[in-house]
Amino acid sequence: MRYAVDLHSHSGYAGGVGNISLASLARTMVVKGINAFGVGDCLQPAWRESLERQLVEREQGLYALDGAEAPLAAARFVLQTEVIITSPVSSGGRKGTHVGLLFPDFATVDRAIALLDRWGVHLNMGRPFIKCVDTAEVAERCFALVDSGPGVLLFPAHVLTPQGIYGSDHPVDHLAEVFGDFAPRIRVVETGLSADPELLAILPELDTRTLISNSDCHSEALNRVGREFTVLELKQLSYPGLVEALEAGQVAYTAEFNPAEGRYFLTGHRSGLERHGASYCYFSPDRSPAQGICPICGKPLTVGVLERALTLAKRQADPAPARVLGEVTARQAYRRLVPLVEVLAAGQGVKSVVGKKTARLFQTIIARTGTEAGLWELEAGEIARELAGVVEESVLKAILAVRNGDFSFQPGYDGSYGELRLGEAIDWQGQERIFRA
Ligand SMILES: [Zn+2]
Ligand SMILES: [Zn+2]
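Heads up: the sequence shown begins at 5 in the numbering used here, then just goes up one per residue.
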């Protein structure tokens, strides 16, 4: 059975957003075609209480909204959180590594909470910090967490962003440099918005691991929930079935952002930083300044995912030559998608994705295709037949451009998202911009 999952999100307790309601999440999941969704922050005491009050277990370890009627009753929730493990690394200083955790039930969540309590971890901030003195302690704590109940799954999150295991912030070259003896137990790794299976194929250490993709969203909005997701081939509809499929790599495909859309793709400094004002700069790896120093403010640039991946490919291959991007094929199937509301906005030539007309168009299309994921399953010809005369021509053209892969992004850098360009092919190489306001 094909089952679409999005297993990394955050609640209102992670900061930056108001309270997120499970009912509106379920409404968004149903139209997006997401079957199961990670609730986020399940170790935060108040959110955990509210989850237990609102959810009821349907299949083993898969939860639904209590009292929900069709179609919301079909939405399933998985108990999930993200934690930040901090530990000293050989490149100097303390690295904070973002890690996702999935739990089979509330009793296991409570045992994990008790462990964190014993370690002196503050649980109120949604995404708790687990401070460790060395890799031995990281390994010990990871083992303790996965042993807190049957089928607890721990996965390094958005591995190439600055806050991920391989990221440019206090860089390390191998999983074991942070996770120690726990590294061989890591079976699943999250691509994050700034990377996809093609980019990650140059890293030998990931050859034997399952790649998953999740939205990491902090909102129930249509362009956030399921903006990336994983389609699994499930043998059994249950939490153990889901974890089995993840660990065994039974992935039909992942739905991915074009990595250039992610906020950390190129190396650069965004506007608004100290000594920047409106000035900014970005570079692809072939144009990156010597020593990585910003020509505007003189401080080290934020190293982008692309540059970092190329460096890692060399280090992980050493002494063999590094794999070359574009010459190795991705091990797992994947699709590059753009959230439909963003496509609709682009087709109308408007910036906002929350306009009334965009919402109306979205509903019209979903009424015909069932779900957003279902729309992208159709062949281009079928989409054209289904939507001709139903949506205006510029909107249909935008949808078909995305379905045919005829789009690219002006790449993101240093925390700013990439910008969608339909019908254009923007190269990842040769990018250099130094804008002085
Ligand atoms: Zn994170
Ligand atoms: Zn700068």
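All residues carry an ideal CB built from backbone N, CA and C; glycine is no exception.
Everything numeric in this text was worked out from a predicted model, so none of it was measured.
Let me see if you follow: with CB-CB separation under 9 Å, is residue i close to chain B or not?
| i | result |
| --- | --- |
| E141 | No chain B appears in this structure, which consists of one protein chain only. |
Quick one: grab the DSSP three-state call for residue i.
| i | result |
| --- | --- |
| G245 | helix |
| E224 | coil |
| F41 | strand |
| K303 | coil |
| T195 | coil |
| L391 | helix |
| G253 | coil |
| T165 | coil |
| F411 | strand |
| A187 | helix |
| Y421 | coil |
| C298 | coil |
| I369 | helix |
| F147 | helix |
| P154 | coil |
| K361 | helix |
| T271 | strand |
| L426 | strand |
| P175 | coil |
| P263 | helix |
| S54 | helix |
| P160 | strand |
| S292 | coil |
| S13 | strand |
| T333 | coil |
Name the residue from the options whose alpha carbon lies nearest to the alpha carbon of residue i.
| i | options | result |
| --- | --- | --- |
| H12 | D109, I216, I190 and V357 | I216 |
| D410 | V137, L426 and L379 | L426 |
| A72 | N218, R31, A180 and A187 | R31 |
| I38 | N218, F261 and T90 | N218 |
| G97 | L226, D185, P175 and R389 | P175 |
| W313 | P166, T139 and E56 | Per the sequence presented here, residue 313 reads as Ala, with Trp not at that position. Nearest option by C-alpha distance: P166. |
| V87 | E141, F159 and I297 | F159 |
| D418 | H178, Q254, S283 and V103 | S283 |
| H222 | L365, Y17 and N408 | Y17 |
| I438 | V182, H273 and L210 | H273 |
| S398 | R440, Q367, Q352 and K361 | Q352 |
| Q433 | Q367, G330 and R291 | R291 |
| R3 | P92, L105, A441 and I134 | Residue numbering for the chain in the displayed model covers 5 to 441; residue 3 lies beyond these limits and cannot be assessed. |
| I403 | K360, V347, R364 and E386 | V347 |
| E381 | A259, S25, P154 and P188 | A259 |
| V182 | P208, R213 and E144 | E144 |
| S95 | D177, T212 and A334 | D177 |
Considering residue i, what are the terminal residues of the alpha helix (DSSP H) in which it resides?
| i | result |
| --- | --- |
| P201 | P201 to L204 |
| E61 | Careful: E61 lies outside any alpha helix (DSSP H), inside the beta strand (DSSP E) at L59 to E61. |
| E232 | Unbroken run through E232: none, as it is neither H nor E. |
| K355 | Per DSSP, K355 belongs to no alpha helix (DSSP H) and is neither H nor E. |
| A321 | V309 to A321 |
What residue does the beta strand (DSSP E) around residue i start on, and which one ends it?
| i | result |
| --- | --- |
| E376 | No beta strand (DSSP E) contains E376, which is instead part of the alpha helix (DSSP H) from E376 to E381. |
| P92 | R80 to P92 |
| L120 | No beta strand (DSSP E) holds L120; the alpha helix (DSSP H) holding it covers F110 to R122. |
| R98 | R98 to F107 |
| V9 | R6 to D10 |
| T214 | T214 to I216 |
| K36 | Counting along the chain, K36 falls outside any beta strand (DSSP E), though it belongs to the alpha helix (DSSP H) covering L26 to K36. |
| A68 | Y67 to L69 |
| Y284 | Y284 to F287 |
| E436 | E436 to F439 |
| R339 | Y338 to R340 |
| K239 | Per DSSP, K239 belongs to no beta strand (DSSP E) and is neither H nor E. |
Does the segment 265-276 come close enough to the segment 189-197 that 3 or more CB-CB pairs lie under 8 Å?
yes
If you pair each beta-carbon of the segment 171-191 with each one of the segment 302-321, do three or more pairs fall below 8 Å?
yes
Environment of ligand 2 in chain order, Cβ to heavy atom below 5 Å
H273, C298, I300 and C301
Per the contact definition of three or more C-beta pairs closer than 8 Å, is the segment 297-304 in contact with the segment 326-340?
no
With a threshold of 8 Å, are at least 3 pairs of Cβ atoms found where one atom belongs to the segment 127-140 and the other to the segment 43-59?
yes
Does the count of Cβ pairs from the segment 72-80 and the segment 143-151 closer than 8 Å reach three?
no
Could you check whether the segment 54-68 touches the segment 239-248, counting it as contact only if at least three pairs of C-beta atoms, one from each stretch, sit closer than 8 Å?
yes
Does the contact criterion of 3 or more C-beta pairs under 8 Å hold for the segment 112-121 versus the segment 230-240?
no
Between the segment 356-375 and the segment 384-395, do at least 3 Cβ pairs fall closer than 8 Å?
yes
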